[in-house]
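Going left to right, the sequence shown walks through residues -2 to 240 as this note's numbering numbers them.
Report on the structure given below.
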Amino acid sequence: MIRCYHCGTDNLDGSEYCDECGKKLSNPASQARANYVPPPPQLNSQVAPPPPPSFTMETITPKPATPYTPPPPPVRSQGPQTVIQAPPTSAGAGAQGSTAGLHGPTTSLRGGSNNPEAGQQAVNAPLAGAASNSIRAKLIIQRGGKVGKEFPLTSHESMIGRWDADGGIFPDVDLDQDDSEAKVSRRHARIQFLNNQYLIEDMGSTNGTFINRGPRLLPGNKQPLNNGDEIIVGKTFLKFVLS
-2 MIRCYHCGTD
8 NLDGSEYCDE
18 CGKKLSNPAS
28 QARANYVPPP
38 PQLNSQVAPP
48 PPPSFTMETI
58 TPKPATPYTP
68 PPPPVRSQGP
78 QTVIQAPPTS
88 AGAGAQGSTA
98 GLHGPTTSLR
108 GGSNNPEAGQ
118 QAVNAPLAGA
128 ASNSIRAKLI
138 IQRGGKVGKE
148 FPLTSHESMI
158 GRWDADGGIF
168 PDVDLDQDDS
178 EAKVSRRHAR
188 IQFLNNQYLI
198 EDMGSTNGTF
208 INRGPRLLPG
218 NKQPLNNGDE
228 IIVGKTFLKF
238 VLS
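So this is what it looks like as structure tokens:
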């Protein structure tokens, strides 16, 4: 078979022209010679290596060291110096000053009268003031329990209700012994002291909370309290008193 070098069609041996494209066919030997491409000439592998690099040694001369010169001492101002002297104190004044530092309230007693009762009253005055500040308000039972029983409101938040140890309810104003019919809920109402004002709110009680026999308070709505207001929880009547 003779393959056409132009279109690649195989033709019968002895054919002079390609049956497919009509080009003149050549024998395989001439075609091989025509397609022969001589290999590239080989380079001589024995190439002389490049000469080694030459290095020139440079001599470095060190610079002479600079002699150290200490800095000049700081210049101090020659202005006048102010000396503060403590005022002279006598032995008696020193003893009295030390006593005043340890016992502040008693200094006024020495300068006052010699009445011991007046001195004792002056010493007890701060204690009485501290106790009065701790008790800002109180609730007094007016009806429905032990009349006249007082509940001091000593914290910024006080809960009105009935004691329940199993449920973990320990109200500040416990009406368990004053509410025989259990009309007061375990968590009935709450009194808070905010911004120098006492407020009361119902905590979702069963029988409601009323102020001065007005409408029933909605749970969560805070109502301001004034001195002498009447608070009704269940069937227990309480009077709010500012101390």
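In this text, a Cβ means the ideal position worked out from N, Cα and C, and glycines have one as well.
All of these numbers come straight from a predicted model, not from anything done at the bench.
Handout entry: beta strand (DSSP E) runs contained entirely in the segment 196 to 239, provided each spans 3 or more residues
Key = 206 to 208, 227 to 230 and 233 to 239
Handout entry: Start-end ranges of the beta strand (DSSP E) lying completely within the segment 129 to 192, minimum 3 residues
Key = For the segment 129 to 192, whole beta strand (DSSP E) runs of length 3 or above, ordered along the chain, are 134 to 140, 147 to 150, 154 to 158 and 184 to 191.
Exercise for the section: Pull up the distance between the alpha-carbon of Asp163 and that of Ala186, whole angstroms please. Expected result: Walking along the sequence shown from the start, residue 163 turns up at place 166. Walking along the sequence shown from the start, residue 186 turns up at place 189. Roughly 20 Å between the two C-alpha positions.
Problem - Own chain, CB closer than 8 Å to Gly225, minus 5 neighbours either side, in chain order - result: What you label residue 225 is simply residue 228 of the sequence shown in a count that begins at 1. Counting only Cβ-Cβ distances below 8 Å, and skipping sequence neighbours, we find Lys236, Phe237 and Val238.
Exercise for the section: Please confirm whether Ser155 and Ile208 have their CB atoms less than 8 Å apart. Expected result: In the sequence shown, counting from the first residue as 1, residue 155 sits at position 158. In the sequence shown, counting from the first residue as 1, residue 208 sits at position 211. In this structure, Ile208 does not lie closer than 8 Å to Ser155 by Cβ.
Practice task
Spell out a yes or no on whether the segment 161 to 179 and the segment 189 to 200 are touching, meaning 3 or more CB-CB pairs, one atom from each, closer than 8 Å.
Solution key: The segment 189 to 200 and the segment 161 to 179 do not touch, with fewer than three beta-carbon pairs separated by less than 8 Å.
Practice task
May I ask you to report which of helix, strand or coil DSSP gives Gly7?
Solution key: Translated into the one-based positions of the sequence shown, residue 7 becomes position 10. Strictly speaking, residue 7 in this sequence is Asp, with Gly absent from that position. If DSSP states are grouped into helix, strand and coil, Asp7 belongs with the strands.
Handout entry: Cβ neighbours of Phe190 in the same chain (closer than 6 Å, five flanking residues each side left out)
Key = Within the sequence shown, the letter at position 193 stands for residue 190. Result list for Phe190: His153, in chain order.
Handout entry: Beta-carbon separation (whole angstroms), Val170 vs Leu136, contact threshold 8 Å
Key = Counting from 1 along the sequence shown, the entry for residue 170 is found at position 173. Counting from 1 along the sequence shown, the entry for residue 136 is found at position 139. Confirmed, Cβ separation roughly 6 Å.
Practice task
Determine the burial state of Gln194: buried for a count of at least 16 other Cβ atoms within 10 Å of its Cβ, exposed for fewer.
Solution key: Residue 194 sits at position 197 when you count from the first residue of the sequence shown. The residue is exposed, with fewer than 16 neighbouring Cβ atoms inside 10 Å.
Practice task
Express the C-alpha separation of Pro46 and Lys60 in angstroms, rounding to a whole number.
Solution key: In the sequence shown, the residue the question calls residue 60 occupies position 63. In the sequence shown, the residue the question calls residue 46 occupies position 49. Going by the C-alpha atoms only, they are around 42 Å apart.
Handout entry: Status (buried if at least 16 other CB within 10 Å, exposed otherwise) for Cys4
Key = In the sequence shown, the residue the question calls residue 4 occupies position 7. By the neighbour-count rule (16 or more Cβ atoms within 10 Å), Cys4 is not buried but exposed.
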